[in-house]
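Student: Once you've had a glance at the structure underneath, I'll fire off some questions.
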Amino acid sequence: MIASILHAALAAASLPVMGAPEDGQVGFQQAATPIMEMLTGFHLWLLVIITAIVLVVLGLMLWAVIRYNAKVRKDPAKFSHNTLVEVIWTAVPVLILVVIAVPSFKLLYYQDVVPEADLTVKATGYQWYWEYSYPDQDISVTSLMLPEEEAERLDRPYLLATWDGTDYANAGALVVPAGAVVRVQTTGADVIHSWTVPAFGVKTDAIPGRLNELWFRVDEPGIYFGQCSELCGKDHAYMPIEVHVLPTEQFTAWVNEQTGGDTQLAAADTQ
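Okay, so the sequence shown: first residue is 1324 according to our numbering, each after it adds one.
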């Protein structure tokens, strides 16, 4: 047990913080998964389309105001119908929606279909903490928010850092291997919660009596933070998510220390 805690502490200390919010941040966090990379690209694509729409609409409004105001045109036009204009303002929005919908549906499908997983974890939301269980490895981790005074003492981010309920120095993190496809099954033990890690591009409700699924693959070892994103009671704001992504050999060592066994996890492709 002491060796396990020591190893976890050393591993966490050697990991850089890769996914965390910053003061004054407006944009997304740096993408850590293929899903988030696609979401970021889709967001930028939508930004271009929406900006173009706004400029065109404002331009048409300005043109109409300048050309057809009462001071310039003493004899106002009295027409009430123009077939060509009506076809254009019907067809163009339809084409725009198609251009938006096609990549949107592709992205939704990519997010929703879980590929063959290298690791499966069940995340159960409680008021107000998380519990992670690894069914294939028979491991369970409790994840509580690290108290403010302990976060300050350990130089860890308050409201984001976690502990496992046994030792403040021992993070209650979801530990996964880098480069592996991780399937997370979410459920709630009491009310609806939501397991969300912005850098991964994942947000899935944890609903009592129901098992939802999400997946991610992170190639860069590091520490990534998230939070419960579904209002779940008075301490909803104090329900952080911490994920430690370890190199495969370190993850295997962590599993062996937790189980006292000799597990071998095949190295995952980091394509």
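Even glycine gets a Cβ: it sits at the ideal position worked out from N, Cα and C. None of these values were measured; they are calculated from a predicted model.
Would you mind sorting D1441 into buried or exposed? The rule is 16 or more other CB atoms within 10 Å of its CB.
Tutor: buried
Student: Three-state secondary structure (DSSP) at L1431?
Tutor: helix
Student: Put A1576 into one of helix, strand or coil per three-state DSSP.
Tutor: helix
Student: Could you tell me whether the stretch 1461-1469 touches the stretch 1479-1496, using the rule of 3 or more Cβ pairs below 8 Å?
Tutor: Contact holds between the stretch 1461-1469 and the stretch 1479-1496, because three or more Cβ pairs, one in each stretch, are under 8 Å apart.
Student: Please state whether DSSP places Q1581 in a helix, a strand or coil.
Tutor: DSSP, read as helix, strand or coil, puts Q1581 in helix.
Student: Using a Cβ-Cβ cutoff of less than 6 Å, which residues in the same chain neighbour G1321 once the five nearest sequence positions on both sides are dropped?
Tutor: Since the first residue shown for the chain is 1324 and the last is 1594, residue 1321 is missing from the structure and cannot be characterised.
Student: Thinking just about the alpha-carbon of each residue, which of Y1433, I1564, R1390 is nearest to the one in F1548?
Tutor: Among Y1433, I1564, R1390, the Cα nearest to that of F1548 belongs to I1564.
Student: Is DSSP giving S1403 helix, strand or coil here?
Tutor: Looking at S1403 - three-state DSSP - the assignment turns out to be coil, as it is neither helix nor strand.
Student: Considering only the beta carbon of each residue, do I1372 and I1423 sit closer than 8 Å?
Tutor: Yes; because the gap between Cβ atoms is below 8 Å, this pair is in contact.
Student: Report yes if the C-beta distance between P1545 and V1340 is below 8 Å; otherwise report no.
Tutor: First, the amino acid is wrong: residue 1545 is Gly here, not Pro. In this structure, G1545 lies near V1340, with their beta-carbon atoms less than 8 Å apart.
Student: What does DSSP give as the partner residues of R1396 in its beta bridges?
Tutor: Per DSSP, none; premise fails for R1396.
Student: Which value, in whole angstroms, describes the spacing of the CA atoms of N1535 and T1406?
Tutor: Roughly 50 Å separates the two Cα atoms.
Student: When the Cα atoms are used, what is the spatial distance from A1393 to L1381?
Tutor: Their backbone Cα atoms lie some 20 Å apart in a straight line.
Student: So, with DSSP's three-state summary, where would you put I1530?
Tutor: coil
Student: With a threshold of 16 other CB atoms inside 10 Å of the CB of H1366, please say whether the residue is buried or exposed.
Tutor: H1366 is exposed by the Cβ-count criterion.
Student: State the CB to CB distance for the pair T1356 and F1539, rounded to an integer number of angstroms; the pair is presumed to be in contact (CB under 8 Å).
Tutor: The C-beta distance from T1356 to F1539 rounds to 5 Å, short enough to fall under 8 Å.
Student: Taking a contact to mean a Cβ-Cβ separation below 8 Å, would you say Q1450 touches V1514 in this structure?
Tutor: Between Q1450 and V1514, the CB-CB gap stays under 8 Å.
Student: With DSSP collapsed to three states, give me the class of V1349.
Tutor: coil
Student: For a quick check, are the C-beta atoms of Q1581 and I1462 less than 8 Å apart?
Tutor: yes
Student: Using a Cβ-Cβ cutoff of less than 8 Å, which residues in the same chain neighbour Y1561 once the five nearest sequence positions on both sides are dropped?
Tutor: Correct list, in chain order: W1451, M1468, L1482.
Student: Indicate whether V1507 and L1537 have their beta-carbon atoms separated by less than 8 Å.
Tutor: yes
Student: Going by the beta-carbon positions, is the gap between I1358 and V1525 smaller than 8 Å?
Tutor: yes
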